[in-house]
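A.B. asks:
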Amino acid sequence: MLFTDEHELVRKSLRTFIDREIEPHADEWEEARIFPAHDLFKKLGNEGFLGLTKPEEYGGAGLDYSYAIVMAEELGRCTSGGVSLAIGVQTDMATPALARFGSDELKREFLAPTIAGDLVSCIGVSEVGSGSDVASLKTTARKDGDDYIINGGKMWITNGIQADWMCCLANTDDGPAHKNKSLIIVPMNTKGVERARKLHKLGMWSSDTAQIFFDDVRVPQRHRIGPEGAGFMLQMLQFQEERLWGAANSLTAMDAAIDATIAYTRDRKAFGKSILDNQVVHFRMAELRTEVECLRSLIYRAAELFLSGKDVTRLASMCKLKAGRLLREVSDSCLQYWGGMGYMWESKISRMYRDSRLASVGGGADEVMLSIICKLDGLLPGRS
Ligand SMILES: Cc1cc2nc3c(=O)[nH]c(=O)nc-3n(C[C@H](O)[C@H](O)[C@H](O)COP(=O)(O)OP(=O)(O)OC[C@H]3O[C@@H](n4cnc5c(N)ncnc54)[C@H](O)[C@@H]3O)c2cc1C
11 MLFTDEHELV
21 RKSLRTFIDR
31 EIEPHADEWE
41 EARIFPAHDL
51 FKKLGNEGFL
61 GLTKPEEYGG
71 AGLDYSYAIV
81 MAEELGRCTS
91 GGVSLAIGVQ
101 TDMATPALAR
111 FGSDELKREF
121 LAPTIAGDLV
131 SCIGVSEVGS
141 GSDVASLKTT
151 ARKDGDDYII
161 NGGKMWITNG
171 IQADWMCCLA
181 NTDDGPAHKN
191 KSLIIVPMNT
201 KGVERARKLH
211 KLGMWSSDTA
221 QIFFDDVRVP
231 QRHRIGPEGA
241 GFMLQMLQFQ
251 EERLWGAANS
261 LTAMDAAIDA
271 TIAYTRDRKA
281 FGKSILDNQV
291 VHFRMAELRT
301 EVECLRSLIY
311 RAAELFLSGK
321 DVTRLASMCK
331 LKAGRLLREV
341 SDSCLQYWGG
351 MGYMWESKIS
361 RMYRDSRLAS
371 VGGGADEVML
381 SIICKLDGLL
391 PGRS
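Structure below.
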C-alpha cells in the first residue's frame, strides 16, 4: 500500500489531535471508567475524522478505504485503548452498513449527524446467550403496522451507556437463521430501551460497555438497513471492516509498547549492564518487531484488495486472528522486561496488557476466525 502526502497529512493531524484532546485526559477517563463521548466525538467530527471514508453528501470526506487504515493505525497510539475502541465503533463498526445500504432518509437522519459528531453510535450484535454464534441470537423485531416491535436484549455493547442509536441485529421472522435477520437502527431514547448496567471489565476501562434490554420497543420499519432478511449477510460484511480496523489499530499499539520497552530496558541496569544489553532481550524486541511488520504487510494487502472491491473475509479473519495473538505476545513479553514496574496497575504496559486481551475475544474470538478460515479453505469436517 502506497501512502501519499495526503495520507501523511491525515496521520499527522490525527496525531496532533490525540496529543491535544485525548492523551492529557487518558488517566482521568480510565479512572472514571468512561470518557465524554459526545464532547470528544463533536471535536473529532469538527475536524472531519468521523467520516474520512463516508460519502461527501452526508458530510464525509469521500476518501478511499486506505484512509480508514491510516486512522485506525494512528489511534493505536492512544494509551487508553478504550477511547480508541469507542471511536472505531463510531467509524468502522456501527456505520459501514448504514453508509452502504441505508436509505437516503436514514442516512440523513443518522449517518450525517454521526459523522458530524452530534450523535454517538453503537453496534448491537452479541447477546447473553449468543456471541460467537451470531445466527443463534434471540432478539426479535415483529411487524406491527408500519413499525417493528423489538424485544430481547444485547450484551457487552461498547458505547452502550452514551449512544444515541444502535445498529441492532434482530430476527424479523422465524425462517432459517441466516436469512431471518435484519439490521435496524434503534434510537436509544425510545420507550422500552433500558441501559441496564455498565459492565466492569478487565481492561478498556475508559470505554463504557453496557447490557441493554428491549421491552416492546417500537421503531419504524423505515429504520431497517437494506432488504428484510439480509441482516446476517450485511453484518458479516460489516465485520470485515470491524476486523480490519481492529487489526490495523493493534499495529501502533504494539510499536509503542516495543519502543517504550526498549527505552526502559536501555536505562534500567542489572548485573552491571543495561537489561537491553542481554541478547535474549534485544533479540526478543527484534523478533516482535518482525512479527508486527509481517502483520502490517498482511493488513495492507487485505486493505488493498478491499479497496478494489474484493471480498476479503478470509484475509480479514487472518489479520484479526494474528493481531489478537500477537497483541498477547507483545504485551506479555514487554511487561516481563518491565519487571515489578510492569506489574503495577498504573504502568502503561500493564494497561496495554489488560486492554489488548480483548482482541482475541471481541468482534469474533480467535476460534471463530479459525472456523471462517477453515470453512473458506474447505477444511471443515465433511467438506472437500
Ligand atoms: C469489552 C467488550 C466489548 C464488546 N463490544 C461489543 C459491541 O460493541 N457489540 C457487540 O455486538 N458485541 C460486543 N462484544 C461482544 C463480543 O463480540 C463477544 O464477547 C464475542 O463475540 C464472543 O462471544 P461470547 O462472549 O458470547 O463467547 P462464547 O460464544 O460464549 O464463546 C466463548 C469462547 O469459546 C470459544 N469458542 C467459541 N466458538 C468456538 C468454536 N466454534 N470452536 C472452538 N472454540 C469456540 C472461544 O474461545 C470463545 O472466546 C464485546 C465484548 C467485550 C468483552
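Remember, our numbering sits 10 above the position in the sequence shown when you count from 1. We put the CB at the ideal spot given by N, CA and C, even for glycine.
1) Going by the beta-carbon positions, is the gap between W39 and S284 smaller than 9 Å?
2) Could you tell me the distance, in whole angstroms, from the CA atom of K332 to the CA atom of D157?
3) Among G72, R207, S94, H48, whose alpha-carbon lies nearest the alpha-carbon of W166?
4) For L179, which beta-bridge partners are listed by DSSP?
5) Looking at ligand 1, does it come within less than 8 Å of E377, judged from the CB to the closest heavy atom?
6) G395: which of A71, V138, A42 sits nearest, CA to CA?
7) Which class does W166 belong to by DSSP, given the choice of helix, strand or coil?
8) Within 10 Å of its beta-carbon, does M354 have 16 or more other beta-carbons around it, so buried, or fewer, so exposed?
9) State the Cα-Cα distance for the pair D287 and E252, rounded to the nearest angstrom.
10) Measuring only the C-alpha atoms, how far is F51 from A280?
11) Use the C-beta contact count for S142: other C-beta atoms within 10 angstroms, 16 or more gives buried, fewer gives exposed.
12) How about G127 and K53: do their beta carbons lie closer than 9 Å?
13) Whole angstroms is fine: what's the gap from T150's alpha carbon to C88's?
14) Between the C-alpha atoms of D183 and T300, what's the straight-line distance to the nearest angstrom?
15) How about L85 and I28: are their beta carbons less than 9 Å apart?
16) Which residue wins for smallest C-alpha separation from T262, given the options S192, F249, S341?
17) Would C329 and I309 be called neighbours here (beta carbons separated by less than 9 Å)?
C.D. replies: Inspection of the coordinates gives the following:
1) no
2) 42 Å
3) R207
4) L193
5) Indeed, a heavy atom of ligand 1 lies less than 8 Å from the Cβ.
6) One cannot answer for residue 395 here, as it falls past the ends of the chain, which runs 11 to 394.
7) W166: strand per DSSP, three-state reduction.
8) exposed
9) Whole-angstrom Cα-Cα distance: 39 Å.
10) 45 Å
11) exposed
12) Cβ atoms of G127 and K53: closer than 9 Å.
13) 37 Å
14) 49 Å
15) yes
16) S341
17) yes
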